[in-house]
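S.K.:
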Amino acid sequence: MSTLIFVQLLLLGLRIIDSTTDTRKQCTDLLPLDLLSFVLERDTSKLVPGVQMKTVGGVRGIHFSSPCTSMSFPSSQLLPNCEVFPEEFSIVLTLKVSSSVSKRDEYVFSLMEPKKVENRAVEDKEQDGAGVVERNKEKGISGEVQQKEKKRARSNGERGRIVLGLRLSRKRLHFLFKGHGDLVEHWVFRGTPMADNKWHTLVLAIGSRHVRLTVDCKAPLEIVPSRPFPSDLNIQGSRFHIGSRGKWKGLFSGLLRQLVLVPGSDATRQICPSSDPQLAALSVPPLLLDLPVTGREDDRHVTSYEGRVSVGLERSCSELHRGQMWFNPLKKGLYLCDGTTWVTVLEDHKRLDYVLEHQVLSTSSETHDVEVFQVPGVGLMAAMAHRSTASGSAVYLWTHTGFQLYQNISTYGALAWRHFSMGKKTFLVVSNSGEEPGKRLSKEKERDFSVIYKWSKKRKRFVRFQTVQTHCARDWEAFDINQQTYLAVANHRQGDNNHTIDSVIYKWSRLTKSFEVHQKLQTSGAYDWEFFTVGPYHFLVVANAFDGVTTSVDSVIYVWVNGSFQVFQTIKTFCATDWEMFQIGSRVFLVVANGHRLHGNGPSQYTINSTIYELDVIGRLFVRFQDIVTYSAVDWEFFSLGEEYFLVVANSFNGESYSLNSILYRWQGYEGFVPIHWLPTIGCSDWEFFSSKGQSYLIYSSARAPLSKVFMLKTF
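Each residue of the sequence shown is one higher than the last, beginning at 175 in this note's numbering.
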């Protein structure tokens, strides 16, 4: 086969496309979406406002004390590329309802449209009431119930705004959604006596021709509607409300333990049969997993505790707090105040000892990046990219006591280091931003330069090898293709405001013994390059952060074709600062660190999702796998210990403070990555994993304090 034909077949197979246009309306490729964890994990150091944690029969659940905005979020955060709701889906929930629910309607969750203008209110009410009655007629509901539903619809101005919702009333479960002609459809399941003060797990499965409700893994109740669930249910601009419809009226009074949306499939088979069907779990928030007492509420000799549980890193214990329970998310411990001290009820010692602080490394300046690498014949080293021009950057050598200063190198607003090798030669390249703290360089020195250093075996030092012109370089990436060595630089901006500029790929020239320009690629505030190989194909992905107006820009995945990189796929990101590629078995993933949302002169939003994408081999593109809430994330680091896989994120800023937790996640298979350890950091800018003499470590750098920390990973 000729090279030309091979390239043509490759391009046809890869289907080089823009995922932001072709996949925007496709929502069925999503994995289960844990709505409850989504709101509870915004700040893992404390429980969000508007909810309390209660325990009944040794089982934890969330009680809603108010329809607080902390339990509400735009649908675009959970379904960012979806304009319409999935046509087929399941809702899995575990709840406990008291008999008081029979006196009023209560919403487990709702998806609401933005508020309409006042002059449409009456019309919405009338349409809503008519829609309810029409749907009830189709299902043969009595005239008395029709009138009650119509009256309820007319008296409830919010109903006209509802896109989708799940409601409890008396012995019925109500599923509502906006159907044909914007009228609210109303599907009712009778004979579901859940208001018995016991835990129950429900699976509501919406299919193309049927609707099934399974309670505690028993035989399902089924409805065959006259019209299927709409395939074009518009969710643009809508908001999720957990435990309410955004108002005091309709606030859920029971306990909620699990609430999961499963697009595209019936989740019943995933949790049934179950040895404990009333508590069958698909995805339960970590804060609700540790059980303070054993046994179940129907055990005669077990007393249940149903008091408020405080959550935080520190709590006082005095006579005023006697009987108060405290959950420490960092130690994964539950404690009871006896009037003077905290008595341990449950503590996970294994997780407590999982990550141990090994070294606090005082640096000469704040550090934007750390690079850990081996120099043959010398040992393990770490290069720190220091912010200060006066102190330069430092290279450390690993010893039995930790990292010790080995060499100081003059740098100018260093932002990143990259290590690479060519044959037996070892190199380091630094990204200089050309800035000093608090001021720009003078106009005659407007151009900034990055420098490549070579390890001198004779001097046992890194020495200057080549200078390369760059523009506020944020990152270097080194890689080999067909036994040729390349370097890619991420040029962030030129001058103060020009972010749409060329980033450059350099190729090693054996003739000139230097790196020469090979290809230029236009980028928008480029922050990071990540190179990876899948089978015979080579990819390079850029993290685009800012185009001068907004951080909502496309990051681009390139594929190597016939000697140069061509666009393979674009993905919408929000101030993307890092890409990390990793593999688990035969599965290939990419995770992006999203920094913040900004448009024009509007406010910045620092608490946003970062996203893991998985390579769809059949579709030949990367599709969304999992969203994780992060706080101005600037780095992801993947590593494995034995047969377990981990991700750690560098959370740098939450809009108010730089002192916050970076989080370590563990791979849980079907559930994706779940948080297992919270690491206090200050302006965390980078994580690196390394091993020495059979022991594993993590090191992080701080862009806000002159220190770095090394953590030992304790395994059992």
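Glycine residues also receive a C-beta, built at the ideal position from the N, C-alpha and C atoms.
Got a sec, what are the start and stop residues for the alpha helix (DSSP H) residue 799 sits in?
M.R.: Counting along the chain, residue 799 falls outside any alpha helix (DSSP H), though it belongs to the beta strand (DSSP E) covering 795-805.
S.K.: Using CA coordinates, which residue listed in 423, 378, 560 is at the minimum distance from residue 881?
M.R.: Closest by alpha carbon: 560.
S.K.: From the DSSP output, in three-state form, read off residue 534 for me.
M.R.: Residue 534 falls in the strand class under three-state DSSP.
S.K.: Output the boundary residues of the beta strand (DSSP E) element that contains residue 173.
M.R.: Any answer about residue 173 is impossible in this case: the structure gives the chain only from 175 up to 890.
S.K.: Should the stretch 807-822 be regarded as contacting the stretch 766-775, the criterion being three or more beta carbon pairs within less than 8 Å?
M.R.: A contact exists between the stretch 807-822 and the stretch 766-775.
S.K.: Under the rule that 16 or more other beta-carbon atoms within 10 Å means buried, what is residue 719, buried or exposed?
M.R.: Buried, because 16 or more other Cβ atoms sit within 10 Å of the Cβ of residue 719.
S.K.: What residue ranges within the stretch 198-267 form continuous alpha helix (DSSP H) runs of no fewer than 4 residues, ordered along the chain?
M.R.: Complete alpha helix (DSSP H) runs here, min 4: 209-214, 249-252.
S.K.: Can you give the Cα-Cα distance for residue 512 and residue 447, rounded to whole angstroms?
M.R.: Roughly 41 Å between the two C-alpha positions.
S.K.: Out of 786, 408, 717, 589, point me to the one whose CA is closest to residue 542's CA.
M.R.: With distances taken between Cα atoms, residue 542 lies closest to 589.
S.K.: Given residue 312, which residues of its chain have a CB within under 8 Å of its CB, disregarding the five upstream and five downstream residues?
M.R.: In this prediction, residue 312 scores a pLDDT of 38, lower than 50, which makes its location untrustworthy; the coordinate-derived value is nonetheless stated afterwards. Cβ neighbours of residue 312 beyond the five flanking positions: 399, 400.
S.K.: Along the chain, where does the alpha helix (DSSP H) containing residue 442 start, and where does it finish?
M.R.: Element bounds for residue 442: 442-445.
S.K.: What does residue 569 pair with, by DSSP beta-bridge criteria?
M.R.: Paired residue(s): 557, 581.
S.K.: Taking 9 Å as the threshold (C-beta atoms), are residue 439 and residue 241 in contact?
M.R.: Their beta carbons are not under 9 Å apart, which means residue 241 does not touch residue 439 by this criterion.
S.K.: May I ask you to verify whether the stretch 250-259 touches the stretch 406-414, counting CB pairs closer than 8 Å and requiring at least 3?
M.R.: Yes, the stretch 250-259 touches the stretch 406-414.
S.K.: Measure the CB-CB distance between residue 397 and residue 389 and report whether it falls below 9 Å.
M.R.: Contact flag unset, no.
S.K.: In angstroms, rounded to a whole number, what distance separates the CA positions of residue 207 and residue 581?
M.R.: Whole-angstrom Cα-Cα distance: 49 Å.
S.K.: Within the chosen definition, does the stretch 731-740 reach the stretch 680-687 through at least 3 CB pairs nearer than 8 Å?
M.R.: Contact between the stretch 731-740 and the stretch 680-687 is absent, because fewer than three Cβ pairs lie under 8 Å.
S.K.: Rounded to whole angstroms, what is the Cα-Cα separation between residue 498 and residue 510?
M.R.: So the two alpha carbons sit approximately 6 Å from each other.
S.K.: Following a CB-centred definition, is residue 872 positioned closer than 8 Å to any heavy atom of the ligand GTP?
M.R.: Annotation note on the ligand GTP: not contained in the displayed structure, which lists no ligands.
S.K.: To the nearest angstrom, report how far apart residue 636 and residue 598 are at their CA atoms.
M.R.: Rounded to whole angstroms, residue 636 to residue 598 spans 15 Å at the Cα level.
S.K.: Can you check which of these residues, 686, 708, 659, 733, is closest to residue 695 by C-alpha distance?
M.R.: The candidate whose alpha carbon is nearest that of residue 695 is 733.
S.K.: Using three-state DSSP, classify residue 619 as helix, strand or coil.
M.R.: With a pLDDT of 46 at residue 619, under the threshold of 50, the modelled position of this residue cannot be trusted, and the question is left open.
S.K.: Tell me whether residue 420 is buried or exposed, calling it buried when 16 or more other Cβ atoms sit within 10 Å of its Cβ.
M.R.: Buried.
S.K.: Out of 697, 634, 648, 877, state which residue places its alpha-carbon closest to the alpha-carbon of residue 549.
M.R.: When only C-alpha atoms are compared, the closest one is 634.
S.K.: Can you tell me whether residue 390 is helix, strand or coil according to DSSP?
M.R.: Correct three-state label for residue 390: coil.
S.K.: Run the CB neighbour count on residue 817, radius 10 Å, all protein chains shown included, and call it buried at 16 or more, exposed below.
M.R.: The residue is exposed, with fewer than 16 neighbouring Cβ atoms inside 10 Å.
S.K.: Mark residue 490 as exposed unless 16 or more other C-beta atoms lie within 10 angstroms of its C-beta, in which case mark it buried.
M.R.: Counting Cβ neighbours within 10 Å, residue 490 comes out exposed, since fewer than 16 surround it.
S.K.: From residue 640 to residue 685, what distance separates their C-alpha atoms?
M.R.: One C-alpha to the other measures close to 15 Å.
S.K.: State the Cα-Cα distance for the pair residue 362 and residue 221, rounded to the nearest angstrom.
M.R.: Straight-line Cα distance between these residues: approximately 34 Å.
S.K.: Can you name, in chain order, every residue of its own chain whose Cβ lies under 6 Å from the Cβ of residue 528, other than the five neighbours on each side?
M.R.: Excluding sequence neighbours, residue 528 sits near 851, 888.
S.K.: If we count the other Cβ atoms within 10 Å of its Cβ and call it buried at 16 or more, is residue 215 buried or exposed?
M.R.: So residue 215 counts as buried.
S.K.: For residue 812, which residues in the same chain have their Cβ closer than 6 Å to its Cβ, ignoring the five residues on either side in sequence?
M.R.: Closer than 6 Å at Cβ, skipping near neighbours: 754, 756, 821.
S.K.: My output table needs one value for residue 424: the three-state DSSP class, helix, strand or coil.
M.R.: Residue 424 falls in the coil class under three-state DSSP.
S.K.: If contacts are defined as beta-carbon pairs under 8 Å, then residue 235 and residue 430 qualify, I think. What distance do you get, rounded to the angstrom?
M.R.: Yes, they are in contact, since the Cβ atoms of residue 235 and residue 430 sit about 6 Å apart, within 8 Å.
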